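Novice: One structure, pasted below without further comment.
Protein chains: 2
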Amino acid sequence: MKAEIISIGTELLLGEITDTNASYIASQLPLLGIDLLWVTQVGDNLGRMREILERAWDRSDLVLTTGGLGPTEDDLTREAIAEMLGEELSVDPEIERALRDFFSSRGYKMPESNIKQATLIPSAQAIPNPRGTAPGWWVERQGKILIAMPGPPSEMQRMWEKEVSLRLRQRLGHQIILSRTIKTFGFAEAAVDEMVSPLLSSANPTLAVYSKPDGIHLRLTAKAESKEEAEEMIAQREEKIRSLLGESIWGSDEETLEAVVGTLLTEKGLTLATMESCTGGLLASMITDVPGSSAYFKGGLVAYSNEVKVSYGVDAALLARHGAISPEVAGAMAEVARLRLGTDIGVGITGVAGPTEVEGKPIGTAHIAIDDGKEKRLAYGIYPPLRHEVKRRAALHALFELRKALLSLK
Amino acid sequence: MKAEIISIGTELLLGEITDTNASYIASQLPLLGIDLLWVTQVGDNLGRMREILERAWDRSDLVLTTGGLGPTEDDLTREAIAEMLGEELSVDPEIERALRDFFSSRGYKMPESNIKQATLIPSAQAIPNPRGTAPGWWVERQGKILIAMPGPPSEMQRMWEKEVSLRLRQRLGHQIILSRTIKTFGFAEAAVDEMVSPLLSSANPTLAVYSKPDGIHLRLTAKAESKEEAEEMIAQREEKIRSLLGESIWGSDEETLEAVVGTLLTEKGLTLATMESCTGGLLASMITDVPGSSAYFKGGLVAYSNEVKVSYGVDAALLARHGAISPEVAGAMAEVARLRLGTDIGVGITGVAGPTEVEGKPIGTAHIAIDDGKEKRLAYGIYPPLRHEVKRRAALHALFELRKALLSLK
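First to last, the sequence lines map onto chains C and Y.
Residue 5 in my numbering is what sits at position 5 of the first sequence, and the numbering runs on without skipping anything.
Basically my numbering = 1-based index in the second sequence + 1000.
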């Protein structure tokens, strides 16, 4: 099956946004055994959009569009598809009702221009979009399929995962392609690459190494005649990878470090508190990204100055003796968080996010401590000296150490 | 001048990399007054590449390609351009010498396959690439220009900045295109669209409305003979927009809400503290994303449970009387943060991030308070009921209200 992606929006052609939707879909199509041959970006211009749709409909079996489904005048994807297929747009009463409900449940009246989003053509079915007001379109004619999805990545990705990929998989059948992603923290990409290098040349299952915001990911992909066979191929290869990478592996597939930590805390019936300096609340925010985290996360303290650290209960003499950027102070912060908020475990982070050095310590330095009341585990990291990177890496590193600490607790 | 970008490489179509080259070039073209109408991605396939080059050469005045200039068998951009124009490839002795020098200066012998990178066609001039071994091509024929640049972003961007953009600017002269983005918070996209609808049909300056993570953006773009004229056109239109959208506008261009707030705090010499419930530290983390925020942000408290709120100093009777999700508790949290951390201003947020209702209040509800010691300003929001959205919108909303409060302070 030959596929083609059309990314719609003048903001793409102005370079205001990068087309991550196309690369997301491109990364998903091989799992369905679909070949992607073309990706085109086009602005919010009816004539050019229609021309590109016509060519795509002509040369491809599957056309995927993103963008241009909003409520405003320059959202023209529906119009262009209707023109290309010579079909009439009309308001679908069921979508209209859902749309009006969406607004009224939020206490708003629907702006009348939004009615556009309730239109369909005879060959199109609506695809639900619970994250926004624009349903997608699933269009079928002459054995070809055209799928129009919204542009905001969170809406598009949910629609892909929960609707489009499932329907496509059902349609295509036969050969099974399964993937598994193994997630690591602590090693550089090139180091992981070297450790698994004998496995990189395998044709089935394939192995690819990616650098991601939360560490280095290894992706195994197996093709087989049955799900069981593909699963077996992946399981064998995964065992080998686990023996090579050991405890740098913290999770797999859709898992996040914050959710892994949350599951461990829940299983062990433990509660958590944090005290952060250089990460400025990011660790607490990541922990509370997990639904249900209120059951184990009691609260956090952000101390951006030494006075505030002392006012929370960090010993002023200790601060003076070791400096704020020290393992001792990280340990004291973890202990204060634990005692102050009455939890089983406390995490402390102190470091230098930049833009300037602190106490002669370079930007990117961080000390992390995990205190469980019996023992303090300490870790140290030095990250790329960019403010966002330091915050992100230090918070991830703290979660990674917290996971190890939780695993070692009875 | 109508331009078109062709991004070449099978890795794009497999989703292994995102096409940031296209968005980089797209963001640069308006500064030269060049309109970008199409972006196409194509794999390392001679036939499809040639077909796309032919169409581009036919419909555009300027064709820009990236990728496919490497030394390996699947680097086919030079071959495809030569075929498309019916010209012969031959090795250029000067490029060959430079290439051999490049390798020998690094102590290597040039692999013979690299000789491909020293080839030209009669219509092409080489464009220097000091960051790599692939020179670019500047092709001119029949009044049209085709520019082939390497795929690695650092090589491409240097070539663009130091060579291609300068030559294009020299060639084009005259017309200037300037843009300005006006950023708003609080209204839905369709509502903003309706408010500015009389301006949307203007051809110069153009106005476009975009929904972004930090609110609704309006982008004005003016074409003129001089920078002054373009600036004047934008200034006039911006005044009109400001009169229509009033205080929902919080910034422009590259500004972020957290930086705008930071600038106001610095100007007024005021300090800040936060106490967060449903946002779980995200507000503090956003505030501390700004370099230099340690000068005005003293610290934050994250209180995920009622006991912790009380332990920080929120009145237990008030909590019992009004419930945690109430303007009264938001106000008390703001006051406690201010007093507890000894700052001029305190911000409190309490709400329901989900996945379940709290105290019968729906997911997505949030109460925000700003306390400056004399007055408590309260705000209320209801956001899409997804955990991440609730956290993000509530934190942005608090920053937006904080900005308003700071502006009204003497």
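Ideal placement from N, C-alpha and C gives every residue a C-beta, glycine not left out.
Treat the numbers as computed from the prediction; the structure is a model and nothing was measured.
Taking the DSSP output, what are the residues bridged to Trp-38 of chain C?
Specialist: Residue mapping note: residue 38 of chain C aligns to position 38 of the first sequence, counting from 1. According to DSSP, which records beta bridges pairwise, Trp-38 of chain C is partnered with C:Glu-4, Y:Val-1042.
Novice: Short check: CB of Gly-280 of chain C to CB of Lys-116 of chain C, under 8 Å?
Specialist: Start at 1 with the first residue of the first sequence, and residue 280 of chain C comes out as number 280. Start at 1 with the first residue of the first sequence, and residue 116 of chain C comes out as number 116. Against a cut-off of 8 Å, the Cβ pair of Lys-116 of chain C and Gly-280 of chain C comes out as no contact.
Novice: For Glu-276 of chain C and Gly-300 of chain C, which I take to be in contact (beta-carbon distance under 8 Å), what is that distance rounded to the nearest angstrom?
Specialist: Position 276 of the first sequence, counted from the first residue, corresponds to residue 276 of chain C. Position 300 of the first sequence, counted from the first residue, corresponds to residue 300 of chain C. Going by Cβ atoms, the distance from Glu-276 of chain C to Gly-300 of chain C rounds to 7 Å, so yes, they are a contact pair.
Novice: With 8 Å as the limit, tell me which residues of the region 14-43 of chain C have their beta carbon closer than that to any beta carbon of chain Y; keep them in chain order.
Specialist: The residues in question are Leu-14, Gly-15, Glu-16, Ile-17, Thr-18, Asp-19, Thr-20, Ala-22, Ser-23, Tyr-24, Ile-25, Ala-26, Ser-27, Gln-28, Leu-29, Pro-30, Leu-36, Leu-37, Trp-38, Val-39, Thr-40, Gln-41, Val-42, Gly-43.
Novice: Is Ser-1294 of chain Y close to chain C, meaning its C-beta is less than 8 Å from at least one C-beta of that chain?
Specialist: By 1-based counting over the second sequence, the position of residue 1294 of chain Y is 294. Yes, its Cβ sits closer than 8 Å to a Cβ of chain C.
Novice: Out of Y:Thr-1133, Y:Ile-1249, Y:Ala-1235, which one is the CA nearest neighbour of Met-1156 of chain Y?
Specialist: If you number the second sequence from 1, residue 1156 of chain Y lands on position 156. If we check each option's Cα against that of Met-1156 of chain Y, Y:Thr-1133 comes out closest.
Novice: Beta carbon of Leu-1207 of chain Y, beta carbon of Leu-1220 of chain Y: below 8 Å?
Specialist: In the second sequence, the residue the question calls residue 1207 of chain Y occupies position 207. In the second sequence, the residue the question calls residue 1220 of chain Y occupies position 220. Their beta carbons are under 8 Å apart, which means Leu-1207 of chain Y touches Leu-1220 of chain Y by this criterion.
Novice: Given a limit of 9 Å on CB to CB distance, which residues of the region 1295-1327 of chain Y reach chain C?
Specialist: The residues in question are Phe-1297, Lys-1298, Gly-1299, Gly-1300, Leu-1301, Val-1302, Ala-1303, Tyr-1304, Ser-1305, Glu-1307, Val-1308, Lys-1309, Ser-1311, Tyr-1312.
Novice: What residues from the region 1195-1208 of chain Y come within 7 Å of chain C, judged by C-beta to C-beta, listed N to C?
Specialist: Hits within the stretch, in order: Leu-1200, Ala-1208.
Novice: Which same chain residues, not among the five before or five after Glu-1140 of chain Y, have their C-beta less than 7 Å away from its C-beta?
Specialist: Taking the second sequence and counting its residues from 1, one reaches residue 1140 of chain Y at position 140. Ser-1123, listed in sequence order.
Novice: Which residues of the region 387-399 of chain C have a Cβ closer than 8 Å to any Cβ of chain Y? Give them in chain order.
Specialist: Cβ contacts with chain Y: Arg-387, His-388, Lys-391.
Novice: Give the list of continuous beta strand (DSSP E) stretches no shorter than 3 residues that lie fully inside the region 1281-1320 of chain Y.
Specialist: Entirely contained in the region 1281-1320 of chain Y, the beta strand (DSSP E) runs reaching 3 residues are, in chain order, 1297-1303.
Novice: Note down, in chain order, every chain Y residue with its Cβ under 9 Å from the Cβ of Ala-284 of chain C.
Specialist: Along the first sequence, read from residue 1 onward, the residue named residue 284 of chain C stands at position 284. Those are Glu-1276, Gly-1280, Gly-1281, Leu-1282, Ala-1284, Ser-1285, Gly-1300, Val-1302, Tyr-1304, listed as they occur along chain Y.
Novice: Return the CA-CA distance between Leu-399 of chain C and Val-1302 of chain Y, expressed in angstroms with no decimal places.
Specialist: The sequence position of residue 399 of chain C within the first sequence is 399, counting from 1. The sequence position of residue 1302 of chain Y within the second sequence is 302, counting from 1. Those two C-alpha atoms are separated by around 18 Å.
Novice: Got a sec, what are the start and stop residues for the beta strand (DSSP E) Met-1149 of chain Y sits in?
Specialist: On the second sequence, position 149 is the one that residue 1149 of chain Y refers to. Element bounds for Met-1149 of chain Y: 1144-1149.
Novice: In chain Y, what lies closer than 8 Å to Lys-120 of chain C by C-beta?
Specialist: By one-based count along the first sequence, residue 120 of chain C stands at place 120. Going by the sequence as given, residue 120 of chain C is Leu instead of Lys. None at all; the shortest Cβ gap to chain Y is about 19 Å.
Novice: Round the Cβ separation of Gly-1205 of chain Y and Ile-1241 of chain Y to the nearest angstrom and send it over; I've been treating them as touching at under 8 Å.
Specialist: Walking along the second sequence from the start, residue 1205 of chain Y turns up at place 205. Walking along the second sequence from the start, residue 1241 of chain Y turns up at place 241. Checking the displayed sequence, the identity of residue 1205 of chain Y turns out to be Pro instead of Gly. No, Pro-1205 of chain Y and Ile-1241 of chain Y are not in contact; Cβ-Cβ is about 11 Å, not under 8 Å.
Novice: Expressed to the nearest angstrom, what Euclidean distance is found between the alpha-carbon atoms of Leu-1265 of chain Y and Glu-112 of chain C?
Specialist: Numbered from 1 along the second sequence, position 265 holds the residue referred to as residue 1265 of chain Y. Numbered from 1 along the first sequence, position 112 holds the residue referred to as residue 112 of chain C. If you take the alpha carbons of Leu-1265 of chain Y and Glu-112 of chain C, they lie about 40 Å apart.
Novice: If we count the other Cβ atoms within 10 Å of its Cβ and call it buried at 16 or more, is His-1217 of chain Y buried or exposed?
Specialist: Numbered from 1 along the second sequence, position 217 holds the residue referred to as residue 1217 of chain Y. Looking at its Cβ environment, which holds 16 or more other Cβ atoms inside 10 Å, His-1217 of chain Y is buried.
Novice: Rounded to whole angstroms, what is the Cα-Cα separation between Asp-61 of chain C and Ile-176 of chain C?
Specialist: Here residue 61 of chain C corresponds to residue number 61 of the first sequence, with the count starting at 1. Here residue 176 of chain C corresponds to residue number 176 of the first sequence, with the count starting at 1. In a straight line, the C-alpha of Asp-61 of chain C is about 20 Å away from that of Ile-176 of chain C.
Novice: His-367 of chain C and Ile-325 of chain C: beta carbons closer than 8 Å?
Specialist: Here residue 367 of chain C corresponds to residue number 367 of the first sequence, with the count starting at 1. Here residue 325 of chain C corresponds to residue number 325 of the first sequence, with the count starting at 1. Their beta carbons are under 8 Å apart, which means His-367 of chain C touches Ile-325 of chain C by this criterion.
Novice: Along chain C, in chain order, which residues have C-beta atoms closer than 9 Å to that of Leu-1339 of chain Y?
Specialist: Numbered from its first residue, the second sequence carries residue 1339 of chain Y at position 339. Under the 9 Å cutoff, chain C gives no residues; its nearest Cβ is about 11 Å from Leu-1339 of chain Y.
Novice: Please confirm whether Gly-348 of chain C and Ala-369 of chain C have their CB atoms less than 8 Å apart.
Specialist: Looking up residue 348 of chain C in the first sequence gives position 348. Looking up residue 369 of chain C in the first sequence gives position 369. Result yes, Cβ atoms of Gly-348 of chain C and Ala-369 of chain C sit closer than 8 Å.
Novice: What does DSSP give as the partner residues of Ile-1382 of chain Y in its beta bridges?
Specialist: Position 382 of the second sequence, counted from the first residue, corresponds to residue 1382 of chain Y. DSSP lists Y:Thr-1365 as partners of Ile-1382 of chain Y.
Novice: Under 9 Å between beta-carbons, which chain Y residues line up against Pro-355 of chain C? List them in chain order, please.
Specialist: Here residue 355 of chain C refers to the residue found at position 355 when the first sequence is read from its first residue. Here the neighbours are Pro-1291, Gly-1292.
Novice: Is the region 43-58 of chain C touching the region 177-191 of chain C, taking contact as three or more C-beta pairs under 8 Å?
Specialist: With the cut-off at 8 Å, the region 43-58 of chain C and the region 177-191 of chain C do not touch.
Novice: Under 6 Å Cβ to Cβ from Ala-1082 of chain Y, same chain only, skipping five residues before and after it: list those, please.
Specialist: Stepping through the second sequence from its first residue, residue 1082 of chain Y is reached at position 82. Excluding sequence neighbours, Ala-1082 of chain Y sits near Leu-1089, Ile-1121.
Novice: Below 9 Å on C-beta distance, what does Arg-1048 of chain Y contact in chain C?
Specialist: On the second sequence, residue 1048 of chain Y is found 48 positions in, with the first residue counted as 1. Ordered by position in chain C, the residues that pass the 9 Å Cβ test against Arg-1048 of chain Y are Leu-37, Trp-38.
Novice: Give the DSSP-derived three-state secondary structure of Thr-1266 of chain Y in the structure shown.
Specialist: Position 266 of the second sequence, counting from 1, holds the residue named residue 1266 of chain Y. Looking at Thr-1266 of chain Y - three-state DSSP - the assignment turns out to be helix.
Novice: Would you decide whether Arg-1210 of chain Y is buried or exposed? Buried here means 16 or more other CB atoms lie within 10 Å of its CB.
Specialist: Locating residue 1210 of chain Y in the second sequence gives position 210, where the first residue counts as 1. Checking the sequence shown, residue 1210 of chain Y turns out to be Tyr, not Arg. When all chains shown are included, Tyr-1210 of chain Y counts as buried.
Novice: Note down, in chain order, every chain Y residue with its Cβ under 7 Å from the Cβ of Leu-99 of chain C.
Specialist: Position 99 of the first sequence, counted from the start, is the residue given in the question as residue 99 of chain C. None at all; the shortest Cβ gap to chain Y is about 11 Å.
Novice: Is it the case that the Cβ atoms of Thr-72 of chain C and Ala-1190 of chain Y are separated by a distance below 8 Å?
Specialist: What you label residue 72 of chain C is simply residue 72 of the first sequence in a count that begins at 1. What you label residue 1190 of chain Y is simply residue 190 of the second sequence in a count that begins at 1. Cβ atoms of Thr-72 of chain C and Ala-1190 of chain Y: closer than 8 Å.
Novice: Please report whether the beta-carbon of Arg-171 of chain C lies at a distance below 8 Å from any beta-carbon of chain Y.
Specialist: Working through the first sequence from its first residue, we reach residue 171 of chain C at position 171. With 8 Å as the cut-off, Arg-171 of chain C does not count as an interface residue toward chain Y.
Novice: In the DSSP assignment, find the alpha helix (DSSP H) that holds Arg-28 of chain C and state where it starts and stops.
Specialist: As a position in the first sequence, residue 28 of chain C is number 28, starting the count at 1. Residue identity differs from the one stated: residue 28 of chain C is Gln in this sequence, not Arg. Start and end: 20-28.
Novice: Are Leu-283 of chain C and Ala-395 of chain C touching if we call contact CB-CB under 8 Å?
Specialist: Mapped onto the first sequence, residue 283 of chain C falls at position 283. Mapped onto the first sequence, residue 395 of chain C falls at position 395. For Leu-283 of chain C and Ala-395 of chain C, yes; Cβs fall inside 8 Å.
Novice: Compute every distance between the C-beta of Gly-1070 of chain Y and the non-hydrogen atoms of the ligand NAD, then say whether any falls below 7 Å.
Specialist: As presented, the structure is devoid of all ligands, the ligand NAD included, so that no description of it is given.
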